[in-house]
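Residues 0 to 274 (numbering that gives the first Met the number 0) make up the sequence shown, in order.
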Amino acid sequence: MSNELYAVVGHPINHSKSPRIHSLFTSQTGEPVEYTAVQAPLDDFVGTVRQFFEGGGKGLNVTVPFKEQAWALAECRAERAEKAGAANTLYRNSEGQLVADNTDGHGLVRDLLANHSVQLKGARILVLGAGGAVRGVLGPLLEQQPASLTIANRTVAKAEALVTLFADEAGAATLNACGFEEPDQPFDVIINGTSASLQGDLPPLCTNVIAAGTVVYDMMYSLQTTTFNQWALGNGAVRVFDGLGMLVEQAAESFRVWRGVRPETAPIIEALRND
Numbered sequence: 000m001s002n003e004l005y006a007v008v009g010h011p012i013n014h015s016k017s018p019r020i021h022s023l024f025t026s027q028t029g030e031p032v033e034y035t036a037v038q039a040p041l042d043d044f045v046g047t048v049r050q051f052f053e054g055g056g057k058g059l060n061v062t063v064p065f066k067e068q069a070w071a072l073a074e075c076r077a078e079r080a081e082k083a084g085a086a087n088t089l090y091r092n093s094e095g096q097l098v099a100d101n102t103d104g105h106g107l108v109r110d111l112l113a114n115h116s117v118q119l120k121g122a123r124i125l126v127l128g129a130g131g132a133v134r135g136v137l138g139p140l141l142e143q144q145p146a147s148l149t150i151a152n153r154t155v156a157k158a159e160a161l162v163t164l165f166a167d168e169a170g171a172a173t174l175n176a177c178g179f180e181e182p183d184q185p186f187d188v189i190i191n192g193t194s195a196s197l198q199g200d201l202p203p204l205c206t207n208v209i210a211a212g213t214v215v216y217d218m219m220y221s222l223q224t225t226t227f228n229q230w231a232l233g234n235g236a237v238r239v240f241d242g243l244g245m246l247v248e249q250a251a252e253s254f255r256v257w258r259g260v261r262p263e264t265a266p267i268i269e270a271l272r273n274d
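#1: Among Gln-144, Cys-177 and Ile-189, which residue has its Cα nearest to the Cα of Asp-167?
#2: What does DSSP give as the partner residue(s) for Tyr-216 in the beta ladder?
#3: Can you give me the C-alpha to C-alpha distance between Asn-87 and Ile-12, rounded to a whole angstrom?
#4: Please classify Glu-269 as buried or exposed, where buried requires at least 16 other C-beta atoms within 10 Å of its C-beta.
#5: DSSP state of Gln-96, grouped into three classes?
#6: Could you have a look at Gly-121 and say whether DSSP puts it in helix, strand or coil?
#7: Would you check if there are 3 or more beta carbon pairs closer than 8 Å linking the region 190 to 197 to the region 82 to 98?
#8: What's the C-alpha gap between Val-188 and Pro-31?
#9: Excluding the 5 residues preceding and the 5 following Val-37 in the sequence, name in chain order all residues of the same chain whose CB lies nearer than 6 Å to its CB.
#10: Comparing C-alpha positions only, which one of Ala-250, Leu-222 and Gln-229 sits nearest to Ile-209?
#11: Does DSSP put Ala-176 in a helix, a strand or coil?
#12: Are three or more beta carbon pairs between the region 211 to 222 and the region 106 to 118 nearer than 8 Å?
#13: Which of the three DSSP states is assigned to Asn-60 in this structure?
#14: Please work out which residues of its chain come closer than 6 Å, Cβ to Cβ, to Leu-137, disregarding the five sequence neighbours upstream and downstream, and give them in chain order.
#15: Excluding the 5 residues flanking Asp-183 on each side, which residues of the same chain have their C-beta closer than 6 Å to its C-beta?
#16: Near Glu-67, which residues of its chain fall below 7 Å by C-beta distance, leaving aside the five closest residues on each side in sequence?
#17: Quick check on the DSSP output: the alpha helix (DSSP H) that includes Ser-17 runs from which residue to which?
#18: Applying the 10 Å Cβ sphere with the 16-neighbour rule, what's the burial state of Val-247?
#19: Quick check: what's the CA-CA separation for Val-133 versus Ile-20?
#20: Going by DSSP, which residues form a beta bridge with Gly-9?
#21: Mapping the DSSP letters down to three states, classify Leu-72 as helix, strand or coil.
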């Protein structure tokens, strides 16, 4: 059986761990997959996608800065991609239509629940940021039935827009929006969805948001402890995690969407930590 072609597309793309992750998935599952990285020109994402599928490609992962374009290009969208306003997974269905999915929120929630045993049901959750990364994870977080979910952002209006957008998915959870400086009570779970940590910056948070039992999760990942997690540890957090597990879990969900097979993720996360 000849291998079927999949790829990750972005700009830049050289840093992407996706080819390594999917290579490990392929070795583990025996699926006939060849997975590469494609750098699309900033002004021709659409042409790159069309060329890939017309050339026989089966599925694409999409990374920055093209997730919104991927969402807009699709003829059909999975329910979890619809409100996310962004897609990280593309494929053609049996009718030949381009389908967009978003597995980022699934990846985050699965990493928290399965890999770190974090309790989300009934939790008070603080999410930092109101960009595409946060919009993509709010639905799956609200599905876990937290007691409350507060979105804090530099521009409060953006956070308020997300509260309005996801109000019908909140269920019994209290959904709030505020500026970074406003929260001054402890939360059970704090999720950093801003990219500030990569530049060594920090949102101007009150340290009261952290208590002894607070779990802190930075959606970014790096070889060293992220700037945000260093700040959290310095202010009393005991459990801090970065986004490497989320990266592997969202990739595994994309693989399942494409191939109908879910890889075991724990050994893959361990392998990447040891790379």
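Glycine included, each C-beta is placed from N, C-alpha and C at the ideal position.
Please read these numbers as outputs of a predicted model, since none were measured by experiment.
On the basis of the coordinates in this document:
#1: Taking the sequence shown and counting its residues from 1, one reaches residue 167 at position 168. For the residues Gln-144, Cys-177 and Ile-189, the minimum Cα distance to Asp-167 belongs to Gln-144.
#2: Indexing the sequence shown from 1 puts residue 216 at position 217. Paired residues: Ile-190 and Phe-240.
#3: Here the question's residue 87 lines up with position 88 in the sequence shown. Here the question's residue 12 lines up with position 13 in the sequence shown. Each residue's Cα considered, the two are about 14 Å apart.
#4: The sequence position of residue 269 within the sequence shown is 270, counting from 1. Glu-269 counts as exposed, since fewer than 16 other C-beta atoms from the protein chains shown sit within 10 angstroms of its C-beta.
#5: Residue mapping note: residue 96 aligns to position 97 of the sequence shown, counting from 1. Residue state, collapsed to three classes: coil.
#6: By 1-based counting over the sequence shown, the position of residue 121 is 122. Here Gly-121 sits in coil by DSSP.
#7: no
#8: Here residue 188 is taken as the residue at index 189 of the sequence shown, counted from 1. Here residue 31 is taken as the residue at index 32 of the sequence shown, counted from 1. Their Cα atoms are separated by approximately 39 Å.
#9: Counted from its first residue, the sequence shown places residue 37 at position 38. Closer than 6 Å at the Cβ level, and outside the excluded window around Val-37, lie Ala-6 and Val-8.
#10: By one-based count along the sequence shown, residue 209 stands at place 210. Residue Gln-229 is the option with its Cα nearest to Ile-209.
#11: Counting from 1 along the sequence shown, the entry for residue 176 is found at position 177. Of the three classes helix, strand and coil, the one that applies to Ala-176 here is strand, per DSSP.
#12: yes
#13: Within the sequence shown, numbered from 1, the residue matching residue 60 stands at position 61. Looking at Asn-60 - three-state DSSP - the assignment turns out to be strand.
#14: If you number the sequence shown from 1, residue 137 lands on position 138. These residues qualify, in order along the chain: Phe-165.
#15: Taking the sequence shown and counting its residues from 1, one reaches residue 183 at position 184. Once the five neighbours on either side are set aside, the close Cβ partners of Asp-183 are Cys-205 and Asn-207.
#16: Start at 1 with the first residue of the sequence shown, and residue 67 comes out as number 68. Closer than 7 Å at Cβ, skipping near neighbours: Gly-84, Ala-85 and Gly-131.
#17: As a first step, residue 17 is located in the sequence shown; it is residue number 18 there, counting from the start. Here the alpha helix (DSSP H) through Ser-17 covers 17 to 28.
#18: Along the sequence shown, read from residue 1 onward, the residue named residue 247 stands at position 248. Burial is judged here by how many other beta carbons sit within 10 angstroms of a residue's own beta carbon; Val-247 has at least 16 and is buried.
#19: Numbered from its first residue, the sequence shown carries residue 133 at position 134. Numbered from its first residue, the sequence shown carries residue 20 at position 21. The straight-line gap from Cα to Cα measures roughly 23 Å.
#20: Locating residue 9 in the sequence shown gives position 10, counting from the first residue. DSSP, once it has assigned bridges, lists Gln-38 as partnering Gly-9.
#21: Numbered from its first residue, the sequence shown carries residue 72 at position 73. Helix, per DSSP.
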